[in-house]
Structures are given as structure tokens and as C-alpha cells.
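A.B. asks:
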Amino acid sequence: MRNFEYEAVITIVVLSLLLAGCTNVQTVNAQTMLVTFSSNYPALWRLTSAAAYIFGVGFMMRGIYTFRQYGQGMSMMSQQSSIKAPVIYVFVGAALMYLPTMKSSLLVSSFGTAQQSPLAYNIQSSLLDAQSMYALLGFVQIVGLIAFVRGWVMLSNSASPSGQSQFGKALTHIIGGLFAINIQGTINMLEFTFGIS
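Using my numbering, the letters of the sequence shown map in sequence onto residues 647 to 843.
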């Protein structure tokens, strides 16, 4: 047993000596990581849009199936059912299938423009450089898109009888996601509303 302990200590010391010269590593800070990660934003945007489209197709199919069940239930008068669930499923499915069109329509309705680029941000007043600020605002947009899609999925959960409490959360995610998608418009709106410069 003693021999094994000595061998383990010698192995650790030899490995430590071999790795002692590996100090030529560049330090990475949060700004560098964020800028490097920002190259993935277009792919993340497309992935989220594709997931929304797949959810939309699923909700449309579920809505049509629920309409069929509703129709069969009404013809047999076997149970008391509501048309609320199939209508919500079809509405949410259509909204998610037409995500780009719906998103731009809501941006135009709420901000007056569908422009969602963070490039117009005032870099002079920022603590970060231009590239880091662009990466940070792009990250906020990605999180906003995910929250926007999640809000619509949560809205479909309000179709169930116990889902009444989900409606407020879903609406908050949809509106908050819309504000985050157009983060520059939201910043401008807050600056003009509260007089912050």
C-alpha cells in the first residue's frame, strides 16, 4: 500500500513539473467571450425561429384535433366542452408559424418601426467598446426572441381549465420579449419618458 502512495505522489509531481511551463496562455475577459459568442447569434436566431415554426405546426395540428373532438362531443351531447381550447391552439399555432411577420407587425405597432438593430446605440456614453456593446445588445435580442416564443407557448397552456393563471405570465413574456427584441427602441423610449440621457 505504501508503494502505491509513493508512485501516486511521484506521478503528480512529474505532471506538475511538465505543466509548469504552460504559462503562455492569454487571459480572457467577459468582453472577449461575449464578442466571440456573438458570432453565433444568427444561428441562434434561426434555431429559435425554426423551433417556433415547429411548435406552430404542432399547435395547429392539436387545435384541429381538438376541434374534431369538440364537434364529435357536440353531435353526441355527451359532455360539456368549450370551444376556447381549440381556438387558442389554432391562434397560437398561426402566430408561431408566422413569427417573422407577426414580430415585425407588433414592432411597427408598438415602436413605429420594425428596425431592431442595436447599431444605433450611443457608444460614447458607454463603458464598453462598440464591438462589446453590439454583442451585449445582440444577446438581449436573442433572449427577447426566446421569451417572445415562450410567451406564445405559455399562452397555449391557458387553454386548459387550470391554465387561467398562465395568461398573465404569457402576456408578460410576449410584451417583455418584444421590448427586448427592439432593445434600442426600448432604451430610447425610457430615455424620452423619464428624461434620462
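Each residue gets a CB set at the ideal place from its N, CA and C atoms; glycine is no exception.
Assuming the contact rule is C-beta atoms closer than 8 Å, Val-738 and Leu-801 should be a hit. Round their C-beta distance to whole Å, please.
C.D. replies: 5 Å
A.B. asks: Measuring CB to CB, does Leu-817 end up less than 8 Å from Leu-753?
C.D. replies: no
A.B. asks: If you compare alpha carbons, which of Gly-841, Val-795, Ser-804 is closest to Gln-820?
C.D. replies: A small fix is needed here, since residue 820 is Ile in this sequence, not Gln. Here the closest residue by C-alpha is Val-795.
A.B. asks: Apply the 10 Å Cβ neighbour rule to Tyr-628 and answer buried if 16 or more other Cβ atoms are within range, or exposed otherwise.
C.D. replies: This structure gives no information on residue 628, because the portion of the chain shown stretches from 647 to 843.
A.B. asks: Identify, in the order they occur along the chain, each residue of the same chain with its Cβ nearer than 7 Å to the Cβ of Val-681, setting aside the five sequence neighbours on each side.
C.D. replies: Gln-777, Ser-778, Ala-781
A.B. asks: Under 8 Å Cβ to Cβ from Thr-675, same chain only, skipping five residues before and after it: list those, please.
C.D. replies: It is Asn, not Thr, that sits at residue 675 in the sequence shown. So no residue of the chain qualifies.
A.B. asks: Less than 8 Å between the beta carbons of Gln-787 and Ile-827, yes or no?
C.D. replies: yes
A.B. asks: Distance, Cα to Cα, Lys-730 vs Ser-804?
C.D. replies: 10 Å
A.B. asks: Got a sec, what are the start and stop residues for the alpha helix (DSSP H) Ala-816 sits in?
C.D. replies: Counting along the chain, the alpha helix (DSSP H) containing Ala-816 begins and ends at 812-827.
A.B. asks: On the premise that Met-743 lies in contact with Tyr-699, defined as a C-beta separation below 8 Å, what is that separation, rounded to the nearest angstrom?
C.D. replies: 6 Å
A.B. asks: Under a three-way DSSP split, which group does Ala-731 fall into?
C.D. replies: helix
A.B. asks: Could you check what DSSP says for Met-647 in three-state terms: helix, strand or coil?
C.D. replies: At Met-647, the pLDDT of 49 sits below 50, so the modelled position is not reliable; the number obtained from the coordinates is stated separately. Three-state DSSP puts Met-647 in coil, outside helix and strand.
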